[in-house]
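Peer 1: Residue numbers (our numbering): 1 to 162.
In this text, a Cβ means the ideal position worked out from N, Cα and C, and glycines have one as well.
Keep in mind it's a predicted model, so treat the numbers as computed, not measured.
Just dropping this structure here.
Written out as structure tokens, the structure is:
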């Protein structure tokens, strides 16, 4: 019974190993790059924040591992009672995250301002959302369009007839 289970496990693992490369979707584990300057700015912001968070995570987990290994009880470490209420340490571990958040927030705010800036746009579309439809109004022309949401509209019924 154990031998059959081992053989079955090996067979499933072999099939999974052969099928897995077809499912990786070109390693699409990240945002796709855009084609406009704004989308490239968003991608750069994303990558900067991602690498910043990665560096912070490696530093924090590294510090934790070193602390656990260096100050473990089996090595004869004695807890430091002076560190319980150390104002200097508390200020440091409060101020450093504030600086990190500001360092992330400034480029993010700059990018958000660029996203909201519509000067010199090639096409202006006013999109109005109603309960059961979207209305699109092209501001540079008199053309309008509407699309109905099919989720809640019954047969022979329009949202206006409700």
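Could you give the DSSP three-state label for residue 135: helix, strand or coil?
Peer 2: Three-state result, residue 135: strand.
Peer 1: Would the stretch 41-49 and the stretch 105-119 be scored as touching if the rule is three or more Cβ pairs under 8 Å?
Peer 2: The stretch 41-49 vs the stretch 105-119: in contact.
Peer 1: Helix, strand or coil for residue 125? Go by DSSP, reduced to three states.
Peer 2: Residue 125 falls in the strand class under three-state DSSP.
Peer 1: Are the stretch 93-105 and the stretch 51-60 touching, with three or more C-beta to C-beta distances below 8 Å?
Peer 2: Taking 8 Å as the limit for Cβ pairs, the verdict is that the stretch 51-60 does touch the stretch 93-105.
Peer 1: Taking the alpha helix (DSSP H) that residue 79 belongs to, which residues open and close that run?
Peer 2: From DSSP, residue 79 is part of no alpha helix (DSSP H); its letter is neither H nor E.
Peer 1: Do residue 121 and residue 133 have their beta-carbon atoms positioned less than 8 Å apart in this structure?
Peer 2: Taking 8 Å as the Cβ cut-off, residue 133 and residue 121 do not qualify as a contacting pair.
Peer 1: Between the C-alpha atoms of residue 145 and residue 130, what's the straight-line distance to the nearest angstrom?
Peer 2: Rounded to the nearest angstrom, the two C-alpha atoms are 13 Å apart.
Peer 1: Among 135, 37, 68 and 85, which one has its Cα closest to the Cα of residue 78?
Peer 2: Nearest option by C-alpha distance: 68.
Peer 1: Suppose you measure from the CA of residue 40 to the CA of residue 33; what does that come to, to the nearest Å?
Peer 2: If I take the Cα positions, the gap works out to 7 Å.
Peer 1: Apart from the five residues just before and just after residue 62, which ones in its own chain have a Cβ nearer than 6 Å to its Cβ?
Peer 2: Answer for residue 62: no residue qualifies.
Peer 1: Once DSSP output is grouped into helix, strand and coil, what is the label at residue 144?
Peer 2: Here residue 144 sits in strand by DSSP.
Peer 1: Following the continuous alpha helix (DSSP H) through residue 39, name the residue where it begins and the one where it ends.
Peer 2: 37-70 is the extent of the alpha helix (DSSP H) around residue 39.
Peer 1: Which class does residue 2 belong to by DSSP, given the choice of helix, strand or coil?
Peer 2: Helix.
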